[in-house]
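**Student:** Below you'll find the structure I mean.
Quick look at the structure:
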C-alpha cells in the first residue's frame, strides 16, 4: 500500500540517488527537474486530449446523441484524428492583420496555461515546486490569458474578433474579482498561500465548511475558462467563434488546446482548494486527485450541455452584483468564525448552517428579482408600451 | 462627452444562426443596436415564375418547397386556393385527413421553433435533439401516408392523393399520447429556466399596434395580444366543427412567443384527438381533371399555417396554367417587423429575436 501510494516520489528519489553516484549535485538536480517538468507537461497534454474526447461524448449523451464512435473503441482515438486534421490545415494570415501580434497570440495564450501546472500537487509529495505563494502565482497567470485574447482579437482585423475580444476582456476582468475574494477566504482558513499546505491542512474538505464559496468559485472558474453558460467568448451562434475567428490550422489548435488546458488546470485548483486535493481513504492519492478533478470537469461539461448562455451585460451584472457580495460575506463569516472558535469540528458545525442560510437568502433574493422582472414586463405591456428612443 | 463612433457589422449570409441565408447589416454603438437593415433574396428560386409555366397539378410539388418544414400546410393552402378558383367540392374524408395532417405539421413546426430558439440562445443542441426525437415520429406518419418525410406532395386540389394506409390510425393514436407527455416535459424543463427567463423576458417587444400595422400574423401576432386566428376568424375547410381555444399572450416579447407556441401545441393535440375520432369513410379525391382548366377569374385563399397566414393569390385566364401565381408568404411579412423589435437591444438579442419570429428563408425568398 505504502509502496503504491508513493510510487512516483520513490522512483524520483531512487533515480536521484543513482545519478548522484556519478554526477555532481547541480547536474542531478537539473536532470531530475527536467524529467519532472516533462512528465507533468506530458500528463497535461495527454489529459487534455482525453478531455476533448470526454467533452464530445458527455455533451452528446446529454443531447440524446452518441458522439464520436468511429476511431478506436468508443471513439477514443478521435483526438488524434483531430490533431492530424489541424496539423495539415493551411495556415491563413489575413492580409491586413498585424503579423507580429497575430502570430504571437497563440503562444501567449498557451504558456500561462501550462505554467499553472507547476504548483498543483497531484499527490502526496508529487508537485513540481512548492512555491510559498502558490495561489497568488496562479491568479497572476490567469490574468495573462486575457492579454492574449485581446491580442488575438485586435490583430485579426475583423469586427467580430474585436467584439469577441471586448467581451472576453470584460468578462475575465469581472470574474477575477470574486475568484480572488474566494481564494482569500480559503487562505484565511489555511493560513498559507502555498498549494501544498492548503491540501495538507484540509482535514475537513473546505467545500463542507464553505459551500457557498465553492459555488461562487465554480461560477468564476467556468467564466474564466469561457465555458457555458458564460461562453459568449466563442458564442457559436452569435459572433461565430469570437476572438479566434481568423485563425486556422495549428494556431487554432493552440487556442483550442489552451482552453482545455485551462479547464483542467482550473478544475485541479478547485479540487485542491475545496475538495481536499489528493486526500482520501484506501486508493492512492494521485488516483483520488484524478477522480475529484474529473468529477469537477464532468459538472462543468454538464453545464455546457444543458444551459443556454448569458448576455454580456447580464453576465457582468451577475459577477458584480451577486458573486462579489457573496464572496465578501463569505470572507466576513470566515474571519469571525476562525477568530471566535478554535476547534475545526466546531467550525464545521457553525459554518455549514450559516452557509446554508446565506444560500437560501441569496436564492430567494434572486428569485424575487426574477419575479419582479416578469411582472414588470407584463405591466409595461398592459400599459401599452412606452416609446423607445 | 466622449465622441464615439458606430461600427457596421455584417451578420452575413453565412452564419450559424440566421435560419438560412439571411443577411443583416447592423449598426452598433458598442453592443447596442442603432440600426438594422435586413437583406434577403439569397434563396430566391423563382417558384412563382416556375409555377406560372406549369399546370395547377404540377405546381403542387413546388409549393412543398416553400416552407420546407411545413410542406403539408403549404399544399393545403394552395389546394384551398385552387378549389376556390375552380369551384371544386372536397369529400368529407379528405377534409378530415387534411386537418389531421395540418395539425401534425403545426406540432412539428412548433417543436422545431422552440428547439431552435434554444439553440440560438446557446443551449448547444440539447433541446433541438429532444424535439427532433419527437419529430421523427411525425415524419414516420407522413411517410406512411404520402411516401415522403418532408416534401410530401400529398394534399392536392380536390382532396388528398391517396388514402391512409392500414397502420396509420393506431400510429397516430400513439403519437398523440406521446406528444401530450412531450409538451408537458418541454414545459417542465424549459419554461422556468432562469437563464432563459433573463434572456427572453422583456426582449424584442412588439407592441400590439405595431404588430397590426406590420401585418404580422400567427404566433407572433397572438403573442402581442391580438386574438386573431384564421381558423376561427375566417374559417376554411372544416375547422368550424372542432372545439379548440385560441391562446393569446399579452407581453409580446420572446418569452411570450415561446409560451404562445407551447399553448398552441396543446390546442393542436385537442384538434387531432377530435379529428381522429370523427374520421368518416368515403372517397379521398374529388373528380378533378388532371389538366385542370378553371374558369377565368382570380382567387385569394389563406390558411393558418404554423408560422402565420399563408395565402395564395391565383389568377386564371382559362388555360391550364395559372396566369399569375403569388404567395403571400408568412415569414417575409413577419420578418418586416424585425427592425422594430431589435433597435435598442444588444447583438446577442438579435439572434434570439430572429429565432423567436421563426422564419424559414425558403418562405421569405420563394
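Protein chains in written order, with the working numbering: chain Z, 27 to 415; chain E, 844 to 1209.
No residue lacks a Cβ here, since even glycine has one placed at the ideal position from N, Cα and C.
By a C-beta neighbour count over all protein chains shown, 10 Å radius and 16 as the cutoff for buried, is residue 1126 of chain E buried or exposed?
**Tutor:** It counts as exposed.
**Student:** Would you please verify whether the beta carbon of residue 847 of chain E is less than 7 Å from any beta carbon of chain Z?
**Tutor:** So no, residue 847 of chain E is outside the interface.
**Student:** Name the two residues that bound the continuous beta strand (DSSP E) containing residue 981 of chain E.
**Tutor:** That residue, residue 981 of chain E, is in no beta strand (DSSP E); its alpha helix (DSSP H) goes 969-989.
**Student:** Compile a chain-ordered list of the residues in the region 159-188 of chain Z whose CB is closer than 9 Å to at least one CB of chain E.
**Tutor:** Going along the region 159-188 of chain Z in chain order, one finds 185, 186 and 188 with a Cβ nearer than 9 Å to chain E.
**Student:** Name, please, each residue of chain Z whose Cβ falls closer than 9 Å to the Cβ of residue 973 of chain E.
**Tutor:** Under the 9 Å cutoff, chain Z gives 89 and 90.
**Student:** Let me make sure I understand the geometry here. Which of E:1051, E:1121, E:1160 and E:993 has the alpha-carbon closest to that of residue 918 of chain E?
**Tutor:** The option with the nearest alpha carbon to residue 918 of chain E is E:993.
**Student:** What three-state label does DSSP hand residue 949 of chain E in the structure shown?
**Tutor:** In the structure shown, residue 949 of chain E sits in a helix (DSSP, three-state: H, G or I).
**Student:** Under a Cβ-count criterion, where at least 16 other Cβ atoms within 10 Å of its own Cβ denotes burial, should residue 155 of chain Z be classed as buried or exposed?
**Tutor:** Residue 155 of chain Z is exposed by the Cβ-count criterion.
**Student:** Sort Z:216, Z:168, Z:213 and Z:210 by Cα distance to residue 197 of chain Z and report the nearest one.
**Tutor:** Residue Z:168 is the option with its Cα nearest to residue 197 of chain Z.
**Student:** Contact check, residue 1161 of chain E vs residue 1133 of chain E under 8 Å by CB: the rounded distance?
**Tutor:** The Cβ separation is near 17 Å, so there is no contact.
**Student:** Leaving out the 5 sequence neighbours to the left and right, which residues in its chain are closer than 7 Å to residue 1202 of chain E when beta-carbon positions are compared?
**Tutor:** Hits under 7 Å: 862, 1174, 1177 and 1178.
**Student:** Please name the residue, chosen from Z:319, Z:305 and Z:240, that lies closest to residue 70 of chain Z on a Cα-to-Cα basis.
**Tutor:** Among Z:319, Z:305 and Z:240, the Cα nearest to that of residue 70 of chain Z is on Z:319.
**Student:** From residue 1051 of chain E to residue 357 of chain Z, what does the alpha carbon distance come to, in whole angstroms?
**Tutor:** Straight-line Cα distance between these residues: approximately 50 Å.
**Student:** Short check: CB of residue 247 of chain Z to CB of residue 292 of chain Z, under 7 Å?
**Tutor:** Yes.
**Student:** In chain Z, which residues lie less than 9 Å from residue 1040 of chain E when you measure between Cβ atoms?
**Tutor:** Here the neighbours are 396, 399 and 400.
**Student:** For the region 323-348 of chain Z, which residues have a beta carbon sitting closer than 8 Å to at least one beta carbon of chain E?
**Tutor:** Answer in chain order: 330, 331, 332, 333, 334, 335, 336, 337, 338, 339 and 340.
**Student:** Provide the residue(s) that pair with residue 1144 of chain E in DSSP beta bridges, ordered along the chain.
**Tutor:** Answer is E:1155.
**Student:** For residue 949 of chain E, which residues from the same chain have a beta carbon less than 6 Å from its beta carbon, with the 5 sequence-adjacent residues on both sides left out?
**Tutor:** Answer for residue 949 of chain E: 1111 and 1149, listed in chain order.
**Student:** Along chain Z, in chain order, which residues have C-beta atoms closer than 7 Å to that of residue 968 of chain E?
**Tutor:** In chain order: 89.
**Student:** Helix, strand or coil: which one does DSSP assign to residue 164 of chain Z?
**Tutor:** The answer is helix: DSSP assigns residue 164 of chain Z an H, G or I state.
**Student:** Does the beta-carbon of residue 50 of chain Z have 16 or more other beta-carbons within 10 angstroms, so that it is buried, or is it exposed?
**Tutor:** It is exposed - the Cβ of residue 50 of chain Z has fewer than 16 other Cβ atoms within 10 Å.
**Student:** Taking the Cβ atom as the reference point for each residue, do residue 931 of chain E and residue 873 of chain E lie within a distance shorter than 7 Å?
**Tutor:** No, these two residues do not count as a Cβ contact at 7 Å.
**Student:** Closer than 7 Å, Cβ to Cβ, to anything on chain E: give me those residues from the region 72-86 of chain Z, in chain order.
**Tutor:** Those would be 85, in chain order.
**Student:** Can you round the beta-carbon distance between residue 960 of chain E and residue 1209 of chain E to whole angstroms, since I take them to be within the 8 Å contact cut?
**Tutor:** Not really, about 24 Å apart at Cβ, beyond 8 Å.
**Student:** Return the residue from the list E:1170, E:1199, E:1189 and E:1122 that minimises the CA-CA distance to residue 870 of chain E.
**Tutor:** The candidate whose alpha carbon is nearest that of residue 870 of chain E is E:1189.
**Student:** Against chain E, does residue 404 of chain Z count as a neighbour if the rule is that its beta carbon must be under 7 Å from one of theirs?
**Tutor:** Closer than 7 Å: yes.
**Student:** Hey, does residue 852 of chain E have any beta-carbon neighbour from chain Z nearer than 7 Å?
**Tutor:** With 7 Å as the cut-off, residue 852 of chain E counts as an interface residue toward chain Z.
**Student:** Nearest to residue 316 of chain Z by alpha carbon, out of Z:120, Z:226, Z:116 and Z:304?
**Tutor:** Out of Z:120, Z:226, Z:116 and Z:304, Z:304 has the C-alpha closest to the C-alpha of residue 316 of chain Z.
**Student:** Could you tell me the alpha carbon to alpha carbon distance between residue 900 of chain E and residue 1077 of chain E, rounded to whole angstroms?
**Tutor:** In a straight line, the C-alpha of residue 900 of chain E is about 26 Å away from that of residue 1077 of chain E.
**Student:** Going along the chain, which unbroken runs of the alpha helix (DSSP H) with 4 or more residues stay wholly within the region 1021-1107 of chain E?
**Tutor:** Whole alpha helix (DSSP H) segments, 4+ residues: 1037-1043, 1051-1056, 1062-1065 and 1073-1076.
**Student:** Assuming residue 123 of chain Z and residue 182 of chain Z make a contact with CB atoms under 8 Å, what is their CB distance in whole Å?
**Tutor:** With 8 Å as the limit, residue 123 of chain Z and residue 182 of chain Z qualify as a contact, their Cβ atoms being about 6 Å apart.
**Student:** Indicate whether at least one CB of chain Z lies closer than 7 Å to the CB of residue 1210 of chain E.
**Tutor:** Examination of residue 1210 of chain E is not possible in this model, given that chain E is present from 844 through 1209 alone.
**Student:** Using three-state DSSP, classify residue 263 of chain Z as helix, strand or coil.
**Tutor:** Low confidence applies to residue 263 of chain Z: its pLDDT is 47, below 50, so where it sits in the model is not reliable, and the reading given next is rough at best. Coil, per DSSP.
**Student:** State the start and end residues of the unbroken beta strand (DSSP E) segment that holds residue 872 of chain E.
**Tutor:** First-last of the beta strand (DSSP E) with residue 872 of chain E: 866-872.
**Student:** Residue 59 of chain Z touches chain E at which residues, Cβ-Cβ below 7 Å?
**Tutor:** Those do not exist, as residue 59 of chain Z stays about 42 Å from chain E at its closest Cβ, beyond 7 Å.
**Student:** State the Cα-Cα distance for the pair residue 1163 of chain E and residue 1084 of chain E, rounded to the nearest angstrom.
**Tutor:** Roughly 34 Å separates the two Cα atoms.
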